[in-house]
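Engineer: Residue numbers (my numbering): 2 to 564.
Every residue gets a Cβ at the ideal spot worked out from N, C-alpha and C, and that includes glycine.
1) Do residue 371 and residue 532 count as a contact pair if the criterion is CB distance below 8 angstroms?
2) Indicate the three-state DSSP secondary structure (helix, strand or coil) for residue 560 in the structure shown.
3) What number of angstroms, rounded off, separates the C-alpha of residue 90 from the C-alpha of residue 278?
4) Need the endpoints of the beta strand (DSSP E) that residue 143 sits in, please.
5) Can you tell me whether residue 156 is buried or exposed, with buried defined as 16 or more other CB within 10 angstroms of its CB?
6) Rounded to whole angstroms, what is the Cα-Cα separation between residue 408 and residue 67?
7) Could you give the C-beta distance for residue 523 and residue 461, rounded to a whole number, given that I count them as a contact under 8 angstroms?
8) Alpha carbon to alpha carbon, how far is residue 551 from residue 229?
9) Residues bridged to residue 232 by DSSP?
10) Taking buried to mean at least 16 other C-beta atoms within 10 Å of its own C-beta, is residue 3 buried or exposed?
11) Using DSSP with H/G/I as helix, E/B as strand and the rest coil, what is residue 32?
12) Just how far apart, CA to CA, sit residue 344 and residue 440?
13) Taking 8 angstroms as the threshold (C-beta atoms), are residue 189 and residue 225 in contact?
14) From the DSSP output, in three-state form, read off residue 117 for me.
15) Work out the CA separation of residue 349 and residue 565 for me, nearest whole Å.
16) Assuming residue 406 is part of the beta strand (DSSP E), what are its boundary residues?
17) Could you pull out every residue in the same chain whose Cβ sits closer than 7 angstroms to the Cβ of residue 77, ignoring the five residues on either side in sequence?
18) Spell out the partners DSSP gives residue 410 in its beta bridges.
19) With which residues is residue 492 paired in a DSSP beta bridge?
20) May I ask you to report which of helix, strand or coil DSSP gives residue 16?
21) Within 10 angstroms of its Cβ, does residue 34 collect 16 or more other Cβ (buried), or is it exposed?
22) Where does the unbroken beta strand (DSSP E) through residue 531 begin, and where does it stop?
23) Let me check understanding here. Comparing Cα to Cα, which of 233, 444 and 270 lies closest to residue 315?
24) Taking only heavy atoms of the ligand PLP into account, decide whether any of them is closer than 7 angstroms to the Cβ of residue 310.
25) Under a Cβ-count criterion, where at least 16 other Cβ atoms within 10 Å of its own Cβ denotes burial, should residue 403 be classed as buried or exposed?
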């Protein structure tokens, strides 16, 4: 068969199964080309969501879930009376894909697959029981579940199927999310989200009903902290299928819209300055052409958990620009360093831009290239996104060459050595609870730092002429601390003032690299080799001034080999 996958089919799902009975299913090989009309998607694009009876059922299901009160039986799934031939796309039926948390270790149990016992995690066994109870299962719906449908012991098969994951989730009728068993506060979270669906513009916590006023937002917070939301593979699984997503938590059921409104409300309660991870996941799409989509995607990946850290790359292949995707071959035999380096090479080669090297830096592991981001580690200099609009090197594309020597891969880039570092400020740990306290501590530690012949203290008056609103002060301090987080004030030997990563030191240089929107701090390590320290803001070098200096012969073009 061509275009073949394996699917799980439940045996006689109409029979009731007690908790003591084993879940019984079969695993079958099927073809996705079987009786599928290739013109169907051209006639009715997915975003219209009207191309068959299934989407109407999905709309009805979602509306009912969002509007129903919890003391009523909620509709779920396909109409039992409907003839399957009007619903399924293939001669063998149809399939939905499961998205869930694998987890390592933990409780194990048994199911019956193709008449033989098979050991699985307790979590997947509970998920199978939940799937078995869905109405579409009674009609013959099959399910694609990676731990069962891919031979996990066959590395060749794993490598091959990893590159098909985006296709499989995109072709699935729906994605069923399994969050795990219902916990104590989940019912309150569900009631809060349903209330928000009926009243989507509620932003003031005091407007919640009395029974939700005290526990509503804490329940939402606990719900959004479930392990599922931090898993790396779900990024692609959620983004690839917007036909339908049903989210199961024990016997509770949620839609994407319920989660989205819940997170928006929670952000209002917490006064979060950035979108919470769950919100970014629910709204993530598979369109790599949207400006900034690569940055957002890699930022989510960095925050995600993965048992095998190579999955931070392999788990998002389907969301990458096809040209980037083409340059990567899934191979679990490779080291993590090599997998991340291949992704970085593919990004630089495709985009002809160097901004991603900012997420690298002096590596914790000596053999790790400093220009290759280590997406296993956190990155806290969140101000970087504000530097995207700058044009330190004008609109010049990157000029680079990949240099391989003795298993070490370097990046040769062209740019200008603008100036050398003169001094840097003290870097206190800013762990105080408020913006004001953090800013005050920064001022105290650096009051004698010299800028243009004056100390930093001299730039702050002891009093002001008129009153400034507290809200305005708080906003300014928040922006100031966003800029100062993990950064130090610097001056250069030629008199420039700026901000740089707080691990800068004497001897570092400020370089303008072609194809990079902002200046970079580089550290000479051996002859002609440099380590990337990180991005910097240098007042007077952010908007192409270096190009004029080159025209006037003040600075010269040169190459840097980044190792």
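Structural biologist: The structure says:
1) Taking C-beta atoms as the reference points, residue 532 and residue 371 count as a pair closer than 8 angstroms.
2) DSSP places residue 560 in strand when its eight states are reduced to three.
3) Rounded to whole angstroms, the gap between the alpha carbons of residue 90 and residue 278 is 34 angstroms.
4) Taken as a continuous stretch (DSSP letters only), the beta strand (DSSP E) holding residue 143 covers 143-145.
5) Exposed: under 16 other Cβ atoms inside 10 Å.
6) Going from the Cα of residue 408 to the Cα of residue 67 covers about 55 angstroms.
7) The pair is not a contact, with the Cβ atoms about 32 angstroms apart (cut-off 8 angstroms).
8) Taken atom to atom, the span from the alpha-carbon of residue 551 to that of residue 229 is near 52 angstroms.
9) When DSSP reads this structure, residue 232 sits in a beta bridge with 306.
10) Looking at its Cβ environment, which holds fewer than 16 other Cβ atoms inside 10 Å, residue 3 is exposed.
11) Residue 32: strand per DSSP, three-state reduction.
12) When only Cα atoms are considered, residue 344 and residue 440 end up about 38 angstroms apart.
13) By the CB criterion at 8 angstroms, residue 225 and residue 189 fall outside the cutoff.
14) Three-state result, residue 117: strand.
15) Outside the displayed span of the chain (2 to 564) sits residue 565, for which this structure offers no information.
16) Per DSSP, the continuous beta strand (DSSP E) segment holding residue 406 begins and ends at 401-406.
17) Here residue 77 scores only 40 on pLDDT, less than 50, and its place in the model should not be relied on; the value that follows carries that caveat. Same-chain partners within the cutoff: 62, 135, 136 and 254.
18) DSSP output for residue 410 lists 405 as bridge partner(s).
19) Looking at the DSSP assignment, residue 492 forms a beta bridge with 424 and 498.
20) In this structure, residue 16 counts as coil in the three-state DSSP scheme.
21) Classification for residue 34: exposed.
22) DSSP places residue 531 inside the beta strand (DSSP E), whose first and last residues are 530-536.
23) The residue from 233, 444 and 270 with its alpha-carbon nearest to that of residue 315 is 233.
24) Of ligands this structure carries none, so the ligand PLP is not represented either.
25) Residue 403 is exposed by the Cβ-count criterion.
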